[in-house]
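Reviewing the structure listed below.
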Amino acid sequence: MSVITTVEQLEALYGLPGEASVIKELDHVIPEYAAFIEASPFVALATSGPEGLDCSPR
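The opening residue of the sequence shown carries number 6 in this note's numbering; numbering runs sequentially from there.
In structure tokens form, the structure reads like this:
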């Protein structure tokens, strides 16, 4: 199994993200998203940083 290690490799497989996805990327949770999260029985929270990515159920 191959491991994707660069953005370029990822884009070669999937292309660039669509505008509808890009405009949803935020560095904080806005009130509308907070209300949606509070009403949800299950949420997977994903974060990224210099050490990599993490996604955990809440």
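Quick reminder that beta carbons are idealized off the backbone N, C-alpha and C, glycines included.
Three-way DSSP call (helix, strand, coil) for residue i in this model
i	result
residue 50	strand
Enclosing beta strand (DSSP E) for residue i [first to last residue]
i	result
residue 26	Not the beta strand (DSSP E): residue 26 falls in the alpha helix (DSSP H), residues 24-27.
residue 55	That residue, residue 55, is in no beta strand (DSSP E); it is neither H nor E in DSSP.
Residue interval of the alpha helix (DSSP H) (run including residue i)
i	result
residue 21	Per DSSP, residue 21 belongs to no alpha helix (DSSP H) and is neither H nor E.
residue 43	36-44
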